[in-house]
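Colleague: Protein chains in written order, with the numbering used here: chain Z, 37 to 376; chain D, 6 to 270; chain V, -16 to 490.
#1: Rounded to whole angstroms, what's the CA-CA distance from residue 167 of chain Z to residue 38 of chain Z? Just pull it up for me.
#2: Could you check whether the Cβ of residue 230 of chain Z sits closer than 7 angstroms to any Cβ belonging to chain D?
#3: Indicate whether residue 179 of chain V and residue 247 of chain V have their beta-carbon atoms separated by less than 7 angstroms.
#4: Taking a cut of 8 angstroms between CB atoms, which residues from the region 215 to 233 of chain V lie near chain Z?
#5: Exposed or buried, which one is residue 49 of chain V when buried takes at least 16 other CB atoms within 10 Å?
#6: Closer than 7 angstroms, CB to CB, is residue 44 of chain Z near chain V or not?
#7: Between which two residues does the alpha helix (DSSP H) holding residue 131 of chain V run?
#8: Would you mind giving the Cβ-Cβ distance between residue 298 of chain D and residue 218 of chain D, rounded to the nearest angstrom? I have them listed as a contact below 8 angstroms.
#9: Please state whether DSSP places residue 127 of chain Z in a helix, a strand or coil.
#10: Residue 136 of chain Z: which of Z:313, Z:299, Z:183, Z:97 sits nearest, CA to CA?
#11: If you run the structure through DSSP and keep just helix, strand and coil, what is residue 385 of chain V?
#12: How far does the alpha helix (DSSP H) with residue 172 of chain D in it reach, from first residue to last?
#13: Would residue 240 of chain V count as contacting chain Z if we go by Cβ distances under 7 angstroms?
#14: Quick one: is residue 79 of chain D near chain Z, going by C-beta distance under 7 angstroms?
#15: Sorted by chain position, which residues of the same chain lie with C-beta nearer than 6 angstroms to residue 196 of chain V's C-beta, five sequence neighbours on each side aside?
#16: Where do the N-terminal and C-terminal ends of the beta strand (DSSP E) with residue 45 of chain D fall, by residue?
#17: Using three-state DSSP, classify residue 208 of chain D as helix, strand or coil.
#18: Do residue 204 of chain V and residue 218 of chain V have their C-beta atoms within less than 7 angstroms of each other?
#19: Measure the CB-CB distance between residue 231 of chain D and residue 39 of chain D and report whether it falls below 7 angstroms.
#20: Kindly examine the ligand ADP and report whether one of its heavy atoms sits closer than 6 angstroms to the Cβ of residue 209 of chain Z.
#21: Entirely within the region 170 to 207 of chain V and at least 4 residues each: give me those alpha helix (DSSP H) ranges in chain order.
#22: What is the rounded straight-line gap between the Cα of residue 105 of chain V and the Cα of residue 58 of chain V?
#23: Pull up the distance between the alpha-carbon of residue 202 of chain D and that of residue 366 of chain Z, whole angstroms please.
#24: Name the residue from Z:274, Z:278, Z:270, Z:329 whose alpha carbon lies nearest to the alpha carbon of residue 250 of chain Z.
#25: Going by alpha carbons, who is nearest to residue 271 of chain Z out of D:241, D:154, D:69?
#26: So, is the C-beta of residue 69 of chain Z closer than 7 angstroms to a C-beta in chain V?
#27: Note the first and the last residue of the continuous alpha helix (DSSP H) segment covering residue 282 of chain Z.
#28: Report buried or exposed for residue 253 of chain D, applying the criterion of at least 16 other Cβ atoms within 10 angstroms of its Cβ.
#29: Do residue 189 of chain V and residue 493 of chain V come within 7 angstroms of each other at the CB atom, strictly closer than that value?
#30: For the region 335 to 349 of chain Z, list every residue whose C-beta sits within 7 angstroms of some C-beta in chain V, in sequence order.
#31: Give a yes or no on whether 7 angstroms exceeds the smallest Cβ distance from residue 248 of chain D to chain Z.
#32: Buried or exposed for residue 320 of chain V, please, with buried defined as at least 16 other CB atoms from any protein chain shown within 10 angstroms of its CB.
#33: Please work out which residues of its chain come closer than 6 angstroms, Cβ to Cβ, to residue 437 of chain V, disregarding the five sequence neighbours upstream and downstream, and give them in chain order.
#34: Secondary structure at residue 8 of chain D, three-state DSSP: helix, strand or coil?
#35: Residue 206 of chain D and residue 163 of chain D: beta carbons closer than 7 angstroms?
#36: Taking residue 269 of chain Z as the reference, give the member of D:171, D:189, D:48 with the closest Cα.
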């Protein structure tokens, strides 16, 4: 084997080690998060409390643990979906907000709150149904458009569908009772994990895990799908069909987590960037790296959201705030050249 | 002479096109039509014509990316599935702006996709194939350079290496030199000659008659979606045919080594 | 990897920043200064002690120079902490001192640090009272106007929720109620630690306080606005001390930290919270309050939960008699003689004025209908829940006989009514010209909302819609009766704290 080939093999092993280290950090973070909270006192829960306080055990096992899992799933899903969207659309500035997926979910949830009685099932069902309708509408519209290549058509259709949904959400907000429902919609749009129970986690797992597994297993393939149609085709891929599989996996997982957590901004946009910058642009590393970093990022934000103040801080505010800070520090870092 | 040899070698065609016609939409005009053509194997074939003459469309038809409304295409006398075809045909597309920051090796490894299923990732053997291709084009030392950091010529070499990593019977290059300076263009063209010397079938499109004159054994002249003439380079690249192809007066002269030189007034 | 740290570091920095700004600054309302300021010392000591300036000075004083952060040096006279803690007999396991000031401010110091420092004293202030002087300690623990020192051992150091009522409860459970959300809730024994959260927490809070047991068993309430306790502190002066005020939107864990055995919530859209609380086995009872039927059910439930059904019956009887009086008198009024009434909510953002009509299922619509009015907006407000904005054109089309304008306490009612009366469109309305444009009354809280005051609003509406039928009803007396019978406020107190806030005929 040539020296270059050996160096290349060593590089692959190095990335693998980094991913495992990141996974270790995430596990450690999840374990530590179990001992952060507002019960019995603010901030840190001494492990000894768990031995003799039954309520503390219930809080840790039934409130914190599912919430921590949900935070990690949420982050991993948004980051994986974001990476997928960015690669497929060959555009580093897109996330699930494209194709009317997030807007569809928001519209569906608002509809559930205002017109369908606001029960949990209605909110979540509405979000999932309309997220998929968003994707389907964008996709069907794109097929009927007659300009540009597939990606451009899809993006244009997505912008149109997103605008429809945003208007719809606006109408619903207008109709909502400002005292009772509007705060609910607002809180939902800002997002949060405070009401997560084991049941919620178990609801989303059957969707999220297979979807993440598909994205994870097909991660090398994503490199291929980020090429132009003709090139991807000449390399033996069926770009349209394979992209659709990846999109469905991303949207299903996104709708599932978003239906439980509300709209959480910036994760899907910023985490894939960080993953690519730190672990390389190759989707082989960027996809699992993005999932791990996304899980870690949302876990951190949610720990802050539930621990820092005695009132819950909406998670969406924290992810946007911290995401913006990270984004600027990336932009202002000395590696100023546009890395994509 | 080389072209004489190559003509004798083409008892079996690498690609046979029969009565091919294609249009983008039912109510649109034909982009290519009436194309019946044999492209020889183990030779360099240039598809030459002005902009919009249907060269790239023809290439995409051969790839299977477009489905003709009429006609048949066979590769080495056989009709292939898409997946199988990607092991027979390797494409170097017209300039492809890098979407993300992949490095040289990661880009070249994509050429192994025809041999991997949806869930497989490149193995050590695939790495070895990729490095062999990089050595062929002389880019092995730059294996970890990000693609956006490369010059246009280097980038073209990397894409060529990716196509070679497909281990294809037939190499298709779409306008491989059109955005390169003279030196880089020459390097690519010479590389095509070297590959042909190793028995590789090479087909490229170009709108530059000199590129065809210096590199090809076989030339297909295209104009307005039709084949104006196809055949060995000496019989095809004549002043009359070239003038008819480009609508400007063109002369072909020979230098002292009997190499063709196309002069455009 | 280096880049990864560059990314993570701001996160960590931000979280540190966030936790710093989050240091709780208890904003308890100022307690009235006592005639003579005393210093209480409690906790892990031989026995609770209270010092006056004189008895403290008797322990032996020393002087300490303290330089504040502006560089000014003052010399204080006081008693060294070592002396004081020895005097009160602080136990060996006591580790922490918590200083409380008269304004509710609290700060904490480690006993070892304070006793290791000779110059650390409890000083006598020139203006009277006491303060903490800890040279070289952070300025935020130099507590002035000190009223209490708690000496805590590690075991007590976790902040405790207010103490549970120790009273013996007769007929102590089990109890089963069906709440406003239609859920059946069973409790083994009666709740002693009740927490009120959710939207409009004051609505459930005010209902709870119609029961004397409510005061002793309430331990926490979500605080949505600074003015939320404006009324309740007049009913229960110890409210601020005895009840933990939770920040808005507490998460389930924060509620669990109070270790409640019952959580009361108004809104059914908050079902998610109930679901989460169920995970830690904290029972939730929803109150509805939107209609008299719901209200009576809520009162009955509270009677069962507080073990005082007699009081529940009293409360219901109070409401029933007033409800019946209005309904029976307007029963015979023919449809044609029922005035066409418009009730609107007024809001202005800058120059922009918006008025909106309530949903059909809401308390406000019920009030107008049951008081013998004919709500004109019935055809328009088809939304089951919520306010609907109406424009002036629509109001002109209705041209109602009487208009009642609901507004929040931060509006000057007279100014709003005056501005409407001079408005080009509003001034043309029949109701305005006939002097039938009125502000809807309130005291500290509005009378039109689903909270106990709805009966006041309802009675007032009846007297203004059908003055002839209710000539014998004196609203002043209604107010005395309401606050007297439900909250135990005597006439003098009502005159002092309620009446100044009440306006009955702003038009």
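Cβ coordinates follow ideal geometry from the N, Cα and C atoms, glycine included. All figures in this text were calculated on a predicted structure; none of them were measured in a lab.
Modeller: With the given structure in hand:
#1: Residue numbering aside, residue 167 of chain Z sits at position 131 when the first chain is read from its first letter. Residue numbering aside, residue 38 of chain Z sits at position 2 when the first chain is read from its first letter. Between residue 167 of chain Z and residue 38 of chain Z, the C-alpha separation is close to 50 angstroms.
#2: Indexing the first chain from 1 puts residue 230 of chain Z at position 194. For residue 230 of chain Z, the answer is no, since every Cβ of chain D falls outside 7 angstroms of its Cβ.
#3: As a working note, residue 179 of chain V is residue 196 in the third chain. As a working note, residue 247 of chain V is residue 264 in the third chain. Their beta carbons are under 7 angstroms apart, which means residue 179 of chain V touches residue 247 of chain V by this criterion.
#4: 229, 230, 231, 232, 233
#5: On the third chain, residue 49 of chain V is found 66 positions in, with the first residue counted as 1. It counts as buried.
#6: Position 8 of the first chain holds residue 44 of chain Z. Not an interface residue.
#7: Against the third chain, residue 131 of chain V aligns to sequence position 148. That residue, residue 131 of chain V, is in no alpha helix (DSSP H); its beta strand (DSSP E) goes 129 to 136.
#8: Since the displayed chain D opens at 6 and closes at 270, residue 298 of chain D lies outside it and no answer follows.
#9: As a working note, residue 127 of chain Z is residue 91 in the first chain. Correct three-state label for residue 127 of chain Z: coil.
#10: Numbered from its first residue, the first chain carries residue 136 of chain Z at position 100. Taking only the C-alpha atoms, the option nearest residue 136 of chain Z is Z:299.
#11: Counting from one through the third chain, the residue named residue 385 of chain V turns up at place 402. Reduced to three states, the DSSP call for residue 385 of chain V is strand.
#12: Position 167 of the second chain, counting from 1, holds the residue named residue 172 of chain D. Run containing residue 172 of chain D: none; DSSP gives neither H nor E here.
#13: Taking the first residue of the third chain as 1, we reach residue 240 of chain V at position 257. Interface residue, yes.
#14: As a working note, residue 79 of chain D is residue 74 in the second chain. Not closer than 7 angstroms to any Cβ of chain Z, the Cβ of residue 79 of chain D fails to qualify, so no.
#15: Numbered from its first residue, the third chain carries residue 196 of chain V at position 213. Excluding residues within five positions, the ones whose Cβ falls inside 6 angstroms are 289, 291.
#16: Along the second chain, read from residue 1 onward, the residue named residue 45 of chain D stands at position 40. It spans 37 to 45 - the beta strand (DSSP E) in which residue 45 of chain D sits, taken as one unbroken run.
#17: Your numbering for residue 208 of chain D matches position 203 in the second chain. Correct three-state label for residue 208 of chain D: strand.
#18: Residue 204 of chain V sits at position 221 when you count from the first residue of the third chain. Residue 218 of chain V sits at position 235 when you count from the first residue of the third chain. Going by C-beta atoms, residue 204 of chain V is not nearer than 7 angstroms to residue 218 of chain V.
#19: By 1-based counting over the second chain, the position of residue 231 of chain D is 226. By 1-based counting over the second chain, the position of residue 39 of chain D is 34. Taking 7 angstroms as the Cβ cut-off, residue 231 of chain D and residue 39 of chain D qualify as a contacting pair.
#20: Questions concerning the ligand ADP fall outside what the structure shown contains, since it holds no ligand whatsoever.
#21: 184 to 191, 195 to 200
#22: On the third chain, residue 105 of chain V is found 122 positions in, with the first residue counted as 1. On the third chain, residue 58 of chain V is found 75 positions in, with the first residue counted as 1. Whole-angstrom Cα-Cα distance: 13 angstroms.
#23: Here residue 202 of chain D is taken as the residue at index 197 of the second chain, counted from 1. Here residue 366 of chain Z is taken as the residue at index 330 of the first chain, counted from 1. Residue 202 of chain D and residue 366 of chain Z: Cα-Cα distance of roughly 50 angstroms.
#24: Position 214 of the first chain holds residue 250 of chain Z. The shortest Cα separation from residue 250 of chain Z among Z:274, Z:278, Z:270, Z:329 belongs to Z:278.
#25: Looking up residue 271 of chain Z in the first chain gives position 235. Per the Cα distances, D:69.
#26: Taking the first residue of the first chain as position 1, residue 69 of chain Z is located at position 33. No, residue 69 of chain Z lies away from the interface with chain V (no Cβ there is under 7 angstroms from its Cβ).
#27: As a first step, residue 282 of chain Z is located in the first chain; it is residue number 246 there, counting from the start. Run containing residue 282 of chain Z: 275 to 297, per the alpha helix (DSSP H) assignment.
#28: Numbered from its first residue, the second chain carries residue 253 of chain D at position 248. The residue in question, residue 253 of chain D, is exposed, as its Cβ has fewer than 16 Cβ neighbours within 10 Å.
#29: Outside the shown range of chain V, which is -16 to 490, sits residue 493 of chain V, and nothing can be said about it.
#30: 336, 340, 342, 344, 345, 346, 347, 348
#31: Residue numbering aside, residue 248 of chain D sits at position 243 when the second chain is read from its first letter. Answer no: the Cβ-Cβ gap between residue 248 of chain D and chain Z never drops below 7 angstroms.
#32: Taking the third chain and counting its residues from 1, one reaches residue 320 of chain V at position 337. Exposed: under 16 other Cβ atoms inside 10 Å.
#33: Within the third chain, residue 437 of chain V is the residue found at index 454, counting from 1. The residues are 346.
#34: Position 3 of the second chain holds residue 8 of chain D. Residue placement at residue 8 of chain D is flagged as unreliable, the pLDDT there being 39, under the threshold of 50; a coordinate-derived value is accordingly withheld.
#35: Residue numbering aside, residue 206 of chain D sits at position 201 when the second chain is read from its first letter. Residue numbering aside, residue 163 of chain D sits at position 158 when the second chain is read from its first letter. No.
#36: By one-based count along the first chain, residue 269 of chain Z stands at place 233. The option with the nearest alpha carbon to residue 269 of chain Z is D:171.
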